[in-house]
Amino acid sequence: MSVALDFYVPRDTWLHRLDPRVKLWEMLLGFVTAFLLPYWWAQGAFLLGLHLLLLYSHIPWSALRRLWRQMAWLVGLILVLQPFFAPAGAVLVALGPLRLTVGGLIEAVLLAARALVIAFIIGVLLFTTDQRALVQAFVRLGMPYSWGLTFSLTLRFLPAIQQLFVTVREAQAARGWVVEGNLFRRLRDYLPVLVAVIIGTLRMSDRLTLALAARGLASTAPRTVWRDLRMRPPDWITFIVSALAFGLLLWVRWR
Amino acid sequence: MLAVEHLDFAYPPPGAGLPATAALRDVSFHLEHGETLAVMGASGSGKSTLCHVLAGLAPRYTGGHVAGVVRVAGHDVLATMPPTGAVGLLFQDAATQLFNPTVEDEVAWGLEALGTPPQHIGAQVEEALARFGLLPVRAGSPWTLSGGQQKRLALAAVWAMHPHVLLLDEPLGGLDPQGCDEVLAALATLHHSGTTLLLTTARAPAVALAPLTLLLTDGMATSPASTAEVLQDEARLVKAGVLYPSALWPTFEAPPGPSSESAVAVQDLHFAYTDGHAALHGVNLDIPQGQFVAVIGPNGAGKSTLLRHFNGLLRPTRGAVYIQGQDAAGRPTGDLAREVGFLFQRPEQQLFAATVREEVAFGVRRLHLADVEGRVERALARFELTAHAEMPPSILSYGAQRAVTLAALAALDTPILALDEPTVGLDGCDWARLLAWLAERRAAGTTLIIVTHEMELAARADRVVALAEGRVVADGAPDEVLSGPAEATL
Numbered sequence: 001m002s003v004a005l006d007f008y009v010p011r012d013t014w015l016h017r018l019d020p021r022v023k024l025w026e027m028l029l030g031f032v033t034a035f036l037l038p039y040w041w042a043q044g045a046f047l048l049g050l051h052l053l054l055l056y057s058h059i060p061w062s063a064l065r066r067l068w069r070q071m072a073w074l075v076g077l078i079l080v081l082q083p084f085f086a087p088a089g090a091v092l093v094a095l096g097p098l099r100l101t102v103g104g105l106i107e108a109v110l111l112a113a114r115a116l117v118i119a120f121i122i123g124v125l126l127f128t129t130d131q132r133a134l135v136q137a138f139v140r141l142g143m144p145y146s147w148g149l150t151f152s153l154t155l156r157f158l159p160a161i162q163q164l165f166v167t168v169r170e171a172q173a174a175r176g177w178v179v180e181g182n183l184f185r186r187l188r189d190y191l192p193v194l195v196a197v198i199i200g201t202l203r204m205s206d207r208l209t210l211a212l213a214a215r216g217l218a219s220t221a222p223r224t225v226w227r228d229l230r231m232r233p234p235d236w237i238t239f240i241v242s243a244l245a246f247g248l249l250l251w252v253r254w255r
Numbered sequence: 256m257l258a259v260e261h262l263d264f265a266y267p268p269p270g271a272g273l274p275a276t277a278a279l280r281d282v283s284f285h286l287e288h289g290e291t292l293a294v295m296g297a298s299g300s301g302k303s304t305l306c307h308v309l310a311g312l313a314p315r316y317t318g319g320h321v322a323g324v325v326r327v328a329g330h331d332v333l334a335t336m337p338p339t340g341a342v343g344l345l346f347q348d349a350a351t352q353l354f355n356p357t358v359e360d361e362v363a364w365g366l367e368a369l370g371t372p373p374q375h376i377g378a379q380v381e382e383a384l385a386r387f388g389l390l391p392v393r394a395g396s397p398w399t400l401s402g403g404q405q406k407r408l409a410l411a412a413v414w415a416m417h418p419h420v421l422l423l424d425e426p427l428g429g430l431d432p433q434g435c436d437e438v439l440a441a442l443a444t445l446h447h448s449g450t451t452l453l454l455t456t457a458r459a460p461a462v463a464l465a466p467l468t469l470l471l472t473d474g475m476a477t478s479p480a481s482t483a484e485v486l487q488d489e490a491r492l493v494k495a496g497v498l499y500p501s502a503l504w505p506t507f508e509a510p511p512g513p514s515s516e517s518a519v520a521v522q523d524l525h526f527a528y529t530d531g532h533a534a535l536h537g538v539n540l541d542i543p544q545g546q547f548v549a550v551i552g553p554n555g556a557g558k559s560t561l562l563r564h565f566n567g568l569l570r571p572t573r574g575a576v577y578i579q580g581q582d583a584a585g586r587p588t589g590d591l592a593r594e595v596g597f598l599f600q601r602p603e604q605q606l607f608a609a610t611v612r613e614e615v616a617f618g619v620r621r622l623h624l625a626d627v628e629g630r631v632e633r634a635l636a637r638f639e640l641t642a643h644a645e646m647p648p649s650i651l652s653y654g655a656q657r658a659v660t661l662a663a664l665a666a667l668d669t670p671i672l673a674l675d676e677p678t679v680g681l682d683g684c685d686w687a688r689l690l691a692w693l694a695e696r697r698a699a700g701t702t703l704i705i706v707t708h709e710m711e712l713a714a715r716a717d718r719v720v721a722l723a724e725g726r727v728v729a730d731g732a733p734d735e736v737l738s739g740p741a742e743a744t745l
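Chains as they are written, first to last, in our numbering: chain A, 1 to 255; chain B, 256 to 745.
Here is the structure:
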């Protein structure tokens with residue numbers, strides 16, 4: 001079964017071992033930095049740095065390529081549309097009211113680079129943090145356990161629902177279901193499949209409710225946590241160094 | 256340890272105007288510490304319901320009416336939910352009870368719920384994984400495991416909580432022979448370790464490891480008796496719907512005047528999945544109309560992959576498939592459905608309509624076949640589903656759901672039937688019904704292609720095709736193939 005939502009690449013590196021709460025903190029700083037840097041070349045350097053960090057953490061090229069592919073449509077859209085929304089400076093081409101300008105192009109490249117930087121910052125977190133640690137980090141930061149569990153279950157069951165969709169569609173095709181005709185007819189033909197998937201999902205959630213109850217979800221004993229998160233000296237050092245670096249950046253930018 | 260006295264249970268009505276369903280009637284038995292009891296009953300006899308009531312889940316989470324007494328280690332289960340971990344339950348469908356990202360997290364989850372001190376959890380997880388042979392896959396995802404491994408993991412997860420009583424609902428249900436062997440070995444170690452076990456089963460052969468057996472028929476239970484004694488009374492087991500000895504099977508008489516025309520022909524069929532896994536390597540087959548072919552082989556041999564080419568669910572990477580002499584390429588599955596009736600594994604995942612009647616009528620309407628009403632009524636009657644016609648298929652027992660999928664096929668009356676493991680998880684009655692229908696279709700000249708692990712069924716075919724690692728390794732009459740060297744690897 002394809003688990004399309006699971007980006008995690010299991011490796012034993014410094015970044016993988018870093019406490020996920022620190023990674024979340026780094027992510028926050030990264031987002032703010034990406035928004036503060038107004039130069040496309042600075043965003044480009046940031047993006048290069050993120051790539052080097054991921055490769056240094058033994059994340060394979062194939063994973064990075066996958067993220068690039070997923071971002072391609074957004075980046076393409078920005079590069080095509082943005083120049084016309086923010087015209088500035090010398091006009092390169094004019095098509096009626098639409099003007100392609102040097103300033104507009106630079107702005108588009110900046111925005112596209114910023115979108116990629118943000119995607120790769122999230123990538124750093126998801127490629128190097130397993131789901132359990134991520135949920136634990138959120139719970140330790142104050143999220144109720146039931147929310148954390150719901151989040152894990154959603155991640156766990158989305159592929160199952162996707163599989164259910166394929167199964168039902170195959171079962172119906174094997175009994176003469178053919179999708180044809182215009183878009184409206186096609187959508188209408190998909191209705192029975194969707195209804196079946198919804199019913200199937202409800203049944204799955206019923207069974208899951210029983211399974212969780214049987215394993216003690218409603219237990220009154222306080223839950224313990226196996227392999228709980230613990231801040232080690234490298235985590236603290238990373239946390240402090242990144243805070244100082246961020247402060248330095250702010251100072252350089254607005255002194 | 257476990258005391259059940261005069262237990263009655265009825266589910267709430269499944270819909271407006273429908274009656275409540277009595278599932279258990281006056282069930283009484285006792286189970287002492289360290290004993291193992293098998294509850295044997297046909298599909299729909301109340302086995303899962305009994306497990307759910309004993310675990311405190313029904314009627315608490317399902318609704319319904321309960322009366323009688325259930326005590327586990329002195330705890331009144333009907334009054335209050337048993338303490339966490341006191342009763343372990345292995346569900347029939349193990350996959351749905353696995354919800355953690357890794358195998359070891361799955362086992363740890365229940366221990367965390369129990370409030371086990373974190374420093375002890377690691378050792379207990381390790382012990383459970385070692386006991387059920389799961390250490391090599393400890394860091395993997397429960398999703399990627401085989402059926403047998405998933406059952407063992409679900410078992411490890413409940414066993415790790417050290418329950419007073421372990422309830423196993425159809426521990427062998429839906430498993431192929433290899434998965435059955437794996438789970439039986441795990442159960443044997445549990446039995447010998449002094450765990451109090453109650454296991455349910457729809458087939459007589461699975462009770463061998465329990466010294467005591469109780470027969471459940473339509474929610475009514477016999478007193479537990481020695482398993483050897485229960486198994487001796489064959490006539491009673493047949494009547495209870497848990498046994499269908501091959502001596503009672505119908506004869507699969509060949510249709511008059513065998514045809515030389517081709518029903519399914521496969522030429523140099525190669526197939527690789529999108530992840531690169533090559534499942535078939537140059538398969539050649541020609542199946543004449545009216546032939547009964549059994550396709551056998553170990554797990555992963557490519558049997559289901561081959562069958563899925565016959566109605567276009569999969570398309571050859573190289574080579575060609577011809578259905579009744581016509582190239583199947585370019586014909587959608589929905590069109591090939593006129594000629595090839597396809598039965599999938601796992602019937603519970605194939606049912607999508609609001610009622611059994613709608614489910615059976617779906618294909619007939621889609622293919623615009625004549626006499627919708629008549630076809631549907633006959634198919635419902637053929638599989639004894641007329642009484643369930645207005646019920647949602649999703650609430651039926653496994654055997655009844657299988658019957659619905661068979662009725663949906665029967666209503667189409669296709670010249671070719673391709674059935675993928677039709678006997679998995681069936682009780683004696685379901686077997687009898689399935690074989691009677693197959694014998695009838697065979698006599699009518701329908702081409703039967705059946706993927707199966709049941710060698711006795713394969714022995715009744717005209718021809719057995721053995722696959723291994725995506726290739727045909729033997730193809731011939733059953734007595735040649737089933738006694739040949741290839742059989743050793745199946």
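Don't be surprised by glycine CBs; every beta carbon is placed ideally from N, CA and C.
For clarity, every value in this text was computed on a predicted model and none was experimentally measured.
Contacts that MET204(A) makes with chain E (C-beta to C-beta distance below 8 Å): The question asks about chain E, but that chain is absent: this structure's protein chains are A and B.
Residue range of the unbroken alpha helix (DSSP H) whose run includes GLY685(B): Reading off the sequence shown, one finds Asp at residue 685(B), where the question assumed Gly. Start and end: 683-698.
Residue from GLU676(B), LEU640(B), LEU651(B), ALA699(B) with nearest C-alpha to ASP668(B): Distances from the CA of ASP668(B) to each of GLU676(B), LEU640(B), LEU651(B), ALA699(B) were compared; the closest alpha carbon is that of ALA699(B).
Cross-strand partners of PRO234(A) (DSSP beta bridge): In the DSSP output, where bridge partners are listed per residue, PRO234(A) has none listed.
Proximity of ILE106(A) and PHE31(A) at Cβ, strictly below 8 Å: By the CB criterion at 8 Å, ILE106(A) and PHE31(A) fall outside the cutoff.
Cβ of THR272(A) within 8 Å of any chain B Cβ: The structure shown does not extend to residue 272(A), since chain A is modelled only from 1 through 255, so no value can be given for it.
Cutoff 8 Å: PRO233(A) Cβ touching any chain B Cβ: Taking 8 Å as the threshold, the shortest C-beta distance from PRO233(A) to chain B does not fall below it.
Interface flag, ILE704(B) vs chain A, CB-CB below 8 Å: False, the Cβ-Cβ gap to chain A never drops below 8 Å.
From ASP206(A), LEU217(A), PHE165(A), residue whose alpha carbon lies closest to that of VAL195(A): Ranked by how close their Cα comes to the Cα of VAL195(A), the residues ASP206(A), LEU217(A), PHE165(A) have PHE165(A) in first place.
Contacts around PRO479(B), its chain only, beta-carbon distance under 7 Å, and the 5 residues preceding and following it disregarded: Same-chain partners within the cutoff: PHE284, LEU292, LEU467, THR468, LEU469.
is_contact[LEU217(A), chain B] using C-beta, thresh 8 Å: The Cβ of LEU217(A) sits closer than 8 Å to at least one Cβ of chain B.
For LEU471(B), three-class secondary structure by DSSP: Three-state DSSP puts LEU471(B) in a strand.
Any 3 or more C-beta pairs closer than 8 Å across the stretch 374-393 of chain B and the stretch 346-363 of chain B: In short, these stretches touch, since the Cβ pair count reaches three.
Residue from GLN522(B), ALA644(B), GLY272(B), LEU471(B) whose Cα sits closest to the Cα of SER303(B): Closest by C-alpha distance to SER303(B), out of GLN522(B), ALA644(B), GLY272(B), LEU471(B), is LEU471(B).
Contact list for ALA213(A) against chain B, beta-carbon separation under 9 Å: Identification of chain B residues near ALA213(A) by a Cβ-Cβ cut-off of 9 Å yields ALA310, GLY311, LEU312, ARG315, TYR316, MET336, ordered along the chain.
Proximity winner among LEU286(B), MET336(B), ALA721(B), relative to ALA213(A) (alpha-carbon distances): Comparing Cα-Cα distances from ALA213(A) to each of LEU286(B), MET336(B), ALA721(B), the minimum goes to MET336(B).
Chain B within 8 Å of PRO192(A), Cβ atoms only: Yes, contact with chain B.
CA-to-CA distance, LEU498(B) to ARG175(A), given in whole angstroms: As the crow flies, the alpha-carbon of ARG175(A) is around 32 Å from that of LEU498(B).
DSSP-derived helix/strand/coil call for TYR56(A): Note: TYR56(A) maps to helix in three-state DSSP.
Residues of its chain near HIS288(B), where Cβ-Cβ distance is below 7 Å and the 5 sequence neighbours each way are ignored: A distance below 7 Å between beta-carbons, with the five flanking residues on each side excluded, links HIS288(B) to the following residues of its chain, in chain order: MET256, THR451.
Runs of beta strand (DSSP E) lying entirely within the stretch 424-469 of chain B, each at least 3 residues, in chain order: List check, beta strand (DSSP E) in window: 451-456.
Option nearest GLY537(B) by Cα separation, candidates GLN544(B), PRO432(B), ALA527(B): With distances taken between Cα atoms, GLY537(B) lies closest to ALA527(B).
Minimum Cβ-Cβ distance from ILE376(B) to chain A less than 8 Å: For ILE376(B), the answer is yes, since a Cβ of chain A falls inside 8 Å of its Cβ.
Inter-stretch contact (C-beta, 8 Å, three-pair minimum) for the stretch 399-413 of chain B and the stretch 434-454 of chain B: The stretch 399-413 of chain B makes contact with the stretch 434-454 of chain B; the number of CB pairs closer than 8 Å reaches 3 or more.
Backbone CA spacing between SER219(A) and LEU366(B) [nearest angstrom]: Each residue's Cα considered, the two are about 11 Å apart.
Contact between the stretch 674-681 of chain B and the stretch 506-513 of chain B (3+ Cβ pairs under 8 Å): Touching, no.
Environment of GLN43(A) [buried if 16+ CB atoms lie within 10 Å]: Residue burial annotation: GLN43(A) is buried, with at least 16 other C-beta atoms found within 10 angstroms of its C-beta.
Cβ pair count under 8 Å reaching 3, the stretch 494-508 of chain B against the stretch 304-313 of chain B: Fewer than three Cβ pairs drawn from the stretch 494-508 of chain B and the stretch 304-313 of chain B lie within less than 8 Å of each other, which leaves the two stretches out of contact.
Every unbroken beta strand (DSSP E) inside the stretch 286-345 of chain B [3 residues or more]: If we require 3 residues or more, the beta strand (DSSP E) runs fully inside the stretch 286-345 of chain B come out as 291-296, 320-327, 342-345.
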